[in-house]
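From first to last, the protein sequence lines are chains H and P.
If you read the first sequence in numbering that gives the first Met the number 0, its first letter stands for residue 0, the second for the next number, and so on.
If you read the second sequence in numbering that gives the first Met the number 0, its first letter stands for residue 0, the second for the next number, and so on.
Reviewing the structure listed below.
Protein chains: 2
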Amino acid sequence: MSLKIGILDDHPVVVEGVRSLLERNGFQVLWTAQDLRSALNNLRADTDLVLTDIQLPDGDGMQFCKEVKKRFPHVLLIGFSSFHDGSFVRNMFRNGASGYVLKESGEEVLLHVITEVVQGRNAIDPKISEYVITGGPGAETNRIVLTRREKEILQLLADGLSSKEIGDKLFLSVKTVEAHRTNMLLKLDASNVAHLIKIAYEKALI
Amino acid sequence: MSLKIGILDDHPVVVEGVRSLLERNGFQVLWTAQDLRSALNNLRADTDLVLTDIQLPDGDGMQFCKEVKKRFPHVLLIGFSSFHDGSFVRNMFRNGASGYVLKESGEEVLLHVITEVVQGRNAIDPKISEYVITGGPGAETNRIVLTRREKEILQLLADGLSSKEIGDKLFLSVKTVEAHRTNMLLKLDASNVAHLIKIAYEKALI
DNA sequence: TGAAAAATAGGGGAATACCCCTAGACGGTC
DNA sequence: GACCGTCTAGGGGTATTCCCCTATTTTTCA
Chain H
0 MSLKIGILDD HPVVVEGVRS LLERNGFQVL WTAQDLRSAL NNLRADTDLV LTDIQLPDGD
60 GMQFCKEVKK RFPHVLLIGF SSFHDGSFVR NMFRNGASGY VLKESGEEVL LHVITEVVQG
120 RNAIDPKISE YVITGGPGAE TNRIVLTRRE KEILQLLADG LSSKEIGDKL FLSVKTVEAH
180 RTNMLLKLDA SNVAHLIKIA YEKALI
Chain P
0 MSLKIGILDD HPVVVEGVRS LLERNGFQVL WTAQDLRSAL NNLRADTDLV LTDIQLPDGD
60 GMQFCKEVKK RFPHVLLIGF SSFHDGSFVR NMFRNGASGY VLKESGEEVL LHVITEVVQG
120 RNAIDPKISE YVITGGPGAE TNRIVLTRRE KEILQLLADG LSSKEIGDKL FLSVKTVEAH
180 RTNMLLKLDA SNVAHLIKIA YEKALI
């Protein structure tokens, strides 16, 4: 029995392209839609899987996923979009999606992700999987070297402790803690501790 | 030609278990090691793939990945461990790993991840893939709702701007910016802006 | 063993964050 | 119409950060 698929994308060209691709590969395209509302109207309990764009004229893919999962928890969802931001992908998964494919990727990528998802696994387009998993551009990120003490203090700063509290905890003078903090601000080119924490997250130091 | 694999784990029982599993499935186990240093000594250019534990007597899997990728960039790496923390997994990928498998998972999971990795894709044990992708226990984490203005100010705070600078940028009084900031501190139960940024990252609000 | 890096600690001062309080304006909702 | 949440903005005070400066001790590593 072939997989019953729904397609949601506001560009008719994309819808037709995906439809023909899927049907060529033995899938059954049950319905298509150009906007969120008609997609929810088209949605039937016998739908196995929905491919959905993220940007829609009357909402976004995250809302759609949430709503679909509420009505029909068994329906599988795959995000299908151009890539803008890792947080989009993460939010799709938070709202129930099991897969994510870039529009720019080829047929074999889409088919592979569908196969994975149908078998109960999560799958992300290889082009962005590393970015999504690691949460940032991993490449030249690791040039910054913090000392052991600096890392220790950085962690406590991230937990919201003041210099005084950190000093008490580590049996250090407030001035020592401030010195380490200042050094980290210089090393990471941060303008204050909030900025420092952000940079530390981006560079995976936390 | 069968895949040439190395195994690094400090428990001999695990090493032998994995070895027999792999050999039963047509792979060739080229070498095994119980610690980081001897693994690096054993490492040869004709190794295709290494399975590595995270906790090691003389270091950790992250260091190992980094070092392996530096010497032999073509060698594929798969983390193999019990699960403690999503940041371990993310850091393994940051340092060059392409896959991650839980020790508690069965044979078929390990074989599937190996297959994916060999074909050039990243793969994570399905048991933790959602957790790793979304960056947290997705369930009730998403109750926090920041308003548009708050998100806007949060982003600028993360970029290291002071309340005064944000006020200038958004044509707001310093007092207004401070009010929004205070509300976010209350909403996210943060003790200062540094803590706020950390929580925002954990909850994927940034 | 000698130099470099890291960790320690201080003084002093301007800027900012953080906390308490109040309060009007505006949009949506029951 | 009354309520709620958001956005706006103020007064005033304490705590903390952030910046300049110096300086000793400890650790690391070539």
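All C-beta atoms, glycine included, are put in the ideal place defined by N, C-alpha and C.
Model, not experiment: these values are computed from the prediction.
{"Check": "Cβ neighbour criterion (16 or more within 10 Å) applied to Asp-45/P", "Outcome": "exposed"}
{"Check": "Entirely enclosed alpha helix (DSSP H) segments - the stretch 111-171 of chain P, minimum 4 residues", "Outcome": "125-133, 137-140, 147-157 and 162-169"}
{"Check": "Per-residue contacts from Phe-92/P into chain H (C-beta, under 8 Å)", "Outcome": "Glu-129, Ile-132, Thr-133 and Gly-137"}
{"Check": "Straight-line gap, Lys-65/P to Leu-75/P (C-alpha atoms, nearest Å)", "Outcome": "12 Å"}
{"Check": "Proximity to Asp-158/H [Cα-Cα], best of Ala-199/P, Leu-35/P, Ile-77/P and Ser-161/P", "Outcome": "Ala-199/P"}
{"Check": "Cutoff 8 Å: Ala-32/P Cβ touching any chain H Cβ", "Outcome": "no"}
{"Check": "Alpha helix (DSSP H) segments (min. 4 residues) lying fully within the stretch 40-119 of chain H", "Outcome": "60-70, 85-93 and 106-117"}
{"Check": "Nearest candidate by alpha-carbon position, reference Glu-151/H, set Val-131/H, Arg-89/H and Met-183/H", "Outcome": "Met-183/H"}
{"Check": "Closest residue to Trp-30/H among Asp-8/H, Arg-23/H and Asn-24/H (Cα-Cα distance)", "Outcome": "Asp-8/H"}
{"Check": "Residues within the stretch 56-87 of chain P neighbouring chain H, beta-carbon criterion of under 7 Å", "Outcome": "none"}
{"Check": "Best match in Gly-5/H, Ser-190/H and Thr-181/H for proximity to Arg-43/H [C-alpha to C-alpha]", "Outcome": "Gly-5/H"}
{"Check": "Where Asp-52/H meets chain P, residues with beta-carbon distance less than 9 Å", "Outcome": "Under the 9 Å cutoff, chain P gives no residues; its nearest Cβ is about 19 Å from Asp-52/H."}
{"Check": "Per-residue contacts from Leu-156/P into chain H (C-beta, under 7 Å)", "Outcome": "Ala-193"}
{"Check": "Under 8 Å by beta carbon: chain P residues contacting Ala-44/H", "Outcome": "Under the 8 Å cutoff, chain P gives no residues; its nearest Cβ is about 24 Å from Ala-44/H."}
{"Check": "Partners in chain H for Pro-125/P, counting only beta-carbon separations shorter than 7 Å", "Outcome": "Gly-119, Arg-120 and Asn-121"}
{"Check": "Straight-line gap, Ile-127/H to Asn-94/H (C-alpha atoms, nearest Å)", "Outcome": "19 Å"}
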